[in-house]
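Read through the structure below, which is laid out as structure tokens, and then see the notes.
Numbering (the working numbering), first residue to last: 30 to 332.
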């Protein structure tokens, strides 16, 4: 979180930035999931919408959000301005429409269909964007597994590590890499209608990454593997269905399921390596977190 001095500095820069002259800010906004950036809410002269100014966005977020607003405007909030310098300072920033609704448990599980559809729309749109993107490699996955093992992850972790090269080649064959959103989770998708009125989601905080597309779907599933919640199961199958609907290639359902089982294990270990055995209790009880990590790792090692 920024200090009071840093926050005052951001306010001064926002007021001094010519491209933000139409913005009238009302103060900082607290963001879910934690953030190293500063978010200011307010209004934009001549626009009948609330506006969010994000200062400290990543270079990829700025470049991709602005380009997507050009090639696929329904996929991102309305972009009023943005840049890589703010009043002469080296700070990336965006001024975006602030959408009123998020995806949460009030949707009764339908939120995952909305989320995965937006993820696939991103994959389709990214084919028309000529900007650099990160790339997931097998060595990065190897590092996920090793770090999780070092932090005491449950289940047959070493089996997954020993099979990584074979499993990687299989996933690349079954689910050829696409440029994906890179951080597809419920807090990064917003909608214009309240639950249960479904409308297409727009995506924020894009961190585009080329990866086997099943990895993105299973990342969202691992983040939401909670028996008390509905709708989060088989998100790879859900993404496969949305890919077919949007005209993107999908392999045989059985092959996708096989790839999903492996990718779920990888993502469970990825997050265990970050969070360890005791996650934020407001997000997931430690016992549930350990149980589902073990389930995914065991299933992945048994394929």
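Cβ atoms here follow ideal geometry from the backbone N, Cα and C, with glycine treated the same way. The structure displayed is predicted, hence computed values, not measured ones.
| Query | Result |
| --- | --- |
| Run through DSSP, which three-state label would residue 46 get? | coil |
| DSSP state of residue 87, grouped into three classes? | coil |
| Alpha carbons only, please: which of 50, 48, 68, 51 is nearest the one belonging to residue 9? | The shown model of the chain, from 30 to 332, leaves out residue 9, and the question about it has no answer. |
| Buried or exposed for residue 281, please, with buried defined as at least 16 other CB atoms from any protein chain shown within 10 angstroms of its CB. | exposed |
| So residue 289 and residue 265 are in contact, right, with Cβ under 8 angstroms, and what is the actual spacing, rounded? | 4 angstroms |
| What residue range does the alpha helix (DSSP H) around residue 317 cover? | 315-331 |
| With distances taken Cα to Cα, identify the nearest neighbour of residue 131 among 273, 319, 226, 302. | 226 |
| Looking only at its chain, what residues have a beta carbon closer than 6 angstroms to the beta carbon of residue 196, apart from the 5 residues adjacent to it on each side? | 291 |
| Would the beta-carbon of residue 100 fall within 8 angstroms of that of residue 157? | yes |
| Along the chain, where does the alpha helix (DSSP H) that runs through residue 140 open and close? | 139-155 |
| Given residue 253, which residues of its chain have a CB within under 6 angstroms of its CB, disregarding the five upstream and five downstream residues? | 261 |
| By Cβ distance, which residues of its chain are closer than 6 angstroms to residue 155, with the 5 residues on each side in sequence left out? | 208 |
| How about residue 138 and residue 259: do their beta carbons lie closer than 8 angstroms? | yes |
| Could you have a look at residue 126 and say whether DSSP puts it in helix, strand or coil? | strand |
| Rounding to the nearest angstrom, what Cα-Cα distance links residue 35 and residue 98 in this structure? | 30 angstroms |
| Quick check: the stretch 185-192 against the stretch 111-127, are at least 3 beta-carbon pairs closer than 8 angstroms? | no |
| Assign residue 275 to buried or exposed, taking buried as 16 or more other Cβ atoms, counted over all protein chains shown, within 10 Å of its Cβ. | exposed |
| If I'm right that residue 144 touches residue 230 with Cβ under 8 angstroms, what's the distance once you round it to whole angstroms? | 6 angstroms |
| Let me confirm a value: residue 330 is counted as buried when at least 16 other C-beta atoms fall within 10 Å, else exposed. Which label applies? | buried |
| Whose C-alpha, out of 294, 306, 125, 279, is nearest the C-alpha of residue 332? | 294 |
| Between residue 10 and residue 322, what straight-line distance do the alpha-carbon atoms span, to the nearest angstrom? | No statement about residue 10 is possible, as the shown extent of the chain runs from 30 to 332 and does not include it. |
| For residue 170, I'd like the list of residues in its chain whose CB is within less than 6 angstroms of its CB, leaving aside the five on either flank, ordered along the chain. | 295 |
| Using a 10 Å radius around the Cβ and a threshold of 16 neighbouring Cβ atoms, would you call residue 241 buried or exposed? | buried |
| Any idea which residues DSSP pairs residue 294 with across the strands? | Looking at the DSSP assignment, residue 294 forms no beta bridge with any residue, so it has no partner. |
| Looking at C-alpha atoms only, which residue of 48, 326, 317, 211 is the closest neighbour of residue 163? | 211 |
| What does a CB cutoff of less than 6 angstroms around residue 48 pick up in its chain, not counting 5 residues either side in sequence? | 110 |
| So, at 6 angstroms on beta carbons, what are the nonlocal neighbours of residue 107 in its own chain, with the 5 sequence-adjacent residues on each side left out? | 126 |
| Does DSSP put residue 53 in a helix, in a strand, or in coil? | strand |
| CA-CA distance, residue 236 and residue 217? | 11 angstroms |
| Taking residue 273 as the reference, give the member of 166, 298, 153 with the closest Cα. | 153 |
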